[in-house]
Amino acid sequence: MELLSIKKLDLAGKRVFIRCDFNVPMDEFGNISDDRRIRSALATINYCLDQKCAVILASHLGRPKGEVDEKYSLAPVARRLHHLLKRDVILANDVVGEDAVSKAETLQPSEVLLLENLRFEAGETKDDAELSAKLAAMAEVYINDAFGVSHRAHSSVHGITEHFDDVHRAAGFLLDKEIQFLGKIIEEPVRPFAAIIGGSKVSGKLEALVNLLPKVDKIFIGGGMAFTFLKQMGYDIGASLVEDDLLEEAQKIMDKAKSLGVKFYLPVDVVAADKFSEDSVSKLVTAQEIPHGWMGLDIGPATVRLYREALNDVQTVLWNGPMGVYEMDKFARGSSKIAHFVADSYATTVVGGGDTADLVQRIGLDEEMSFISTGGGASLELIEGKVLPGVKPLIVK
Ligand code: AMP
101 MELLSIKKLD LAGKRVFIRC DFNVPMDEFG NISDDRRIRS ALATINYCLD QKCAVILASH
161 LGRPKGEVDE KYSLAPVARR LHHLLKRDVI LANDVVGEDA VSKAETLQPS EVLLLENLRF
221 EAGETKDDAE LSAKLAAMAE VYINDAFGVS HRAHSSVHGI TEHFDDVHRA AGFLLDKEIQ
281 FLGKIIEEPV RPFAAIIGGS KVSGKLEALV NLLPKVDKIF IGGGMAFTFL KQMGYDIGAS
341 LVEDDLLEEA QKIMDKAKSL GVKFYLPVDV VAADKFSEDS VSKLVTAQEI PHGWMGLDIG
401 PATVRLYREA LNDVQTVLWN GPMGVYEMDK FARGSSKIAH FVADSYATTV VGGGDTADLV
461 QRIGLDEEMS FISTGGGASL ELIEGKVLPG VKPLIVK
């Protein structure tokens, strides 16, 4: 998929609007705890600054519900940007209000303006035409570098693109890299190609699973979603997470894997607990012997050994979703062991954003993976074979 390239735009001295994804995690003191998303946007921002552009940056942060909420102000992002760009970053007090509009109008070449949190405007998530027009009116060129939100038809990602023609809009370097890398992995992987799919529910990843089946050689299931498959196989899964309405789908997936010759792996043992809590009583049990009322919250050591064994010859790994409740130390071991194994392998390793990226980052393995996507949901939708609404207008026709 070829995208409109920022390199083909005549940017010199222009006023450029860059939609970034600065939706970074914060700790309890309001400090940015992981600035990877901000650092990932620097290539595009610096490229525009080198062309003497006046740069207007826009992003959302958290879910402020369409109204101003100081807790979600982009002020900490402006400070981090100032530090990383080594230049002043002007922060507007609003998104398309008087302050933002006047600051955008007077912005000089090589200056950087950051608008306040896009989701302070209720229209943003509704793809509101009026908001799109107001945002578009601030600049002569539009660049989308926010892969993490490109699966959303929001004003700053979708509606705004209608106000720019193909010589005034493009994909930023990050967006382009994500689309090319993930696209290539899915279309032309070096084989054997394995997908490790975990996380809480089958429902969130059903389409991705169905779409991956004809493409992969092996699938490894972990996390809460494994129990829907185990239940369908006739096991008593106790009080583990399950989606009873998807039992039939689970069977179809297993049947399809069989007919396609895809090796389909499920946990053979689990760490079970008497409640969903760090201070629960826990024990190791086989998948066949989860005690009544107990829930499986991580994969066990036999599963780790099995998965490692089967991953040994794999050349490409796509990983989306943790193997257990990794937020609690007690149930993080399975995910951590798989992460170490994947990181140490010589395979091309691709981590699909969100929780899995967070997990890999927490255990300090982020530098060891070939590619960590900045978008969890967006990378899943790409795997599902969808054309993302924020990307569609930027495809070269
Ligand atoms: P998802 O957003 O679907 O990728 O799911 C990620 C979440 O799944 C994480 O917050 C994990 O804590 C959770 N998770 C993983 N394994 C389990 C499990 N066995 N039971 C309940 N939740 C789980």
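Numbering (the working numbering), first residue to last: 101 to 497. Beta carbons: idealized from backbone N, C-alpha and C, even for Gly.
{"Check": "Please determine whether the Cβ atom of V425 lies at a distance below 8 Å from any heavy atom of ligand 1.", "Outcome": "yes"}
{"Check": "Between K331 and ligand 1, is the CB less than 8 Å from at least one heavy atom?", "Outcome": "no"}
{"Check": "Hey, is D398 close to ligand 1, as in C-beta under 8 Å from one of its heavy atoms?", "Outcome": "yes"}
{"Check": "Taking 7 Å as the limit between beta carbons, can you name the residues of its chain near P314, skipping five residues before and five after?", "Outcome": "L360"}
{"Check": "Does the Cβ-Cβ distance between I296 and M469 come in under 9 Å?", "Outcome": "no"}
{"Check": "With respect to 8 Å, is the separation between the Cβ of P401 and the closest non-hydrogen atom of ligand 1 below this value?", "Outcome": "no"}
{"Check": "Give the list of continuous alpha helix (DSSP H) stretches no shorter than 4 residues that lie fully inside the region 155-194.", "Outcome": "175-185"}
{"Check": "Can you list, in chain order, the residues of its chain with a C-beta nearer than 8 Å to that of E378? Leave out the 5 residues immediately preceding and following it.", "Outcome": "M428, D429 and K430"}
{"Check": "Kindly list the residues whose CB is nearer than 6 Å to the CB of E307, restricted to its own chain and excluding five residues on each side of it in sequence; keep chain order.", "Outcome": "E484"}
{"Check": "Please return the same chain residues whose Cβ sits closer than 6 Å to the Cβ of T328, not counting the five positions on each side in sequence.", "Outcome": "V302, V342, E343, L346 and A350"}
{"Check": "Restricting to runs no shorter than 4 residues, where is the alpha helix (DSSP H) found entirely within the region 415-444?", "Outcome": "433-444"}
{"Check": "So V310 is in the beta strand (DSSP E); what residue range does that whole segment cover?", "Outcome": "Run containing V310: none in the beta strand (DSSP E); it sits in the alpha helix (DSSP H), L306 to L312."}
{"Check": "Along the alpha helix (DSSP H) that carries G454, what are the first and last residues, could you check?", "Outcome": "G454 to R462"}
{"Check": "Just mark T144 as buried or exposed, buried being the case when its beta carbon has 16 or more other beta carbons within 10 Å.", "Outcome": "buried"}
{"Check": "Name the residue from E216, E205 and F264 whose alpha carbon lies nearest to the alpha carbon of E233.", "Outcome": "The residue asked about is misnamed: residue 233 is Ala in this sequence, not Glu. Taking only the C-alpha atoms, the option nearest A233 is F264."}
{"Check": "Using 8 Å as the threshold, is the region 200-219 in touch with the region 137-155, meaning 3 or more CB pairs across them?", "Outcome": "yes"}
{"Check": "Cβ of N200 within 8 Å of any heavy atom in ligand 1?", "Outcome": "What sits at residue 200 in the sequence shown is Ala, not Asn. No, since every heavy atom of ligand 1 falls outside the 8 Å radius drawn around the Cβ of A200."}
{"Check": "In the structure shown, what three-state DSSP assignment does G476 receive?", "Outcome": "helix"}
{"Check": "What does the alpha-carbon distance come out to for the pair S340 and A439?", "Outcome": "23 Å"}
{"Check": "Once the 5 residues before and after G113 are set aside, which same chain residues still bring their CB inside 6 Å of it?", "Outcome": "K152 and P209"}
{"Check": "Exposed or buried, what is F273 when buried is set at 16 or more other beta-carbons lying within 10 Å of its beta-carbon?", "Outcome": "buried"}
{"Check": "When every heavy atom of ligand 1 is checked, does at least one fall within less than 8 Å of the C-beta of N420?", "Outcome": "yes"}
{"Check": "Quick one: is D121 buried, meaning 16 or more other Cβ sit within 10 Å of its Cβ, or exposed?", "Outcome": "buried"}
{"Check": "What span of residues does the alpha helix (DSSP H) with I132 cover, start to end?", "Outcome": "Unbroken run through I132: none, as it is neither H nor E."}
{"Check": "With distances taken from CA atoms, which of V195, N193, G475 and V196 is nearest W419?", "Outcome": "G475"}
{"Check": "Tell me whether L341, by its Cβ, gets closer than 8 Å to a heavy atom of ligand 1.", "Outcome": "yes"}
{"Check": "With a Cβ-Cβ cutoff of 9 Å, do A457 and L411 count as a contact?", "Outcome": "no"}
{"Check": "With hydrogens ignored, establish whether the beta-carbon of D455 is closer than 8 Å to any heavy atom of ligand 1.", "Outcome": "yes"}
{"Check": "Please find out if some non-hydrogen atom of ligand 2 comes closer than 8 Å to the beta-carbon of S473.", "Outcome": "As far as ligands go, the structure on display features ligand 1 and does not contain ligand 2."}
{"Check": "Where does D466 fall in DSSP's three states?", "Outcome": "helix"}
{"Check": "Answer yes or no: the CB of A350 versus the heavy atoms of ligand 1, is any distance below 8 Å?", "Outcome": "no"}
{"Check": "Taking the alpha carbon of K318 as the point to measure from, which residue in V257, R408, S380 and E240 has its own alpha carbon closest?", "Outcome": "R408"}
{"Check": "When we look at the beta-carbon of R219 and count the other beta-carbons within 10 Å, is it buried (16 or more) or exposed?", "Outcome": "buried"}
{"Check": "Return the Cβ separation of S506 and E224 in integer angstroms, given the expectation that the two are a contact with Cβ distance under 8 Å.", "Outcome": "Outside the shown range of the chain (101 to 497) lies residue 506, about which nothing can therefore be said."}
{"Check": "I need the boundaries of the alpha helix (DSSP H) containing D199, first residue and last residue.", "Outcome": "E198 to E205"}
{"Check": "Less than 8 Å separating the Cβ of A326 from some heavy atom of ligand 1?", "Outcome": "yes"}
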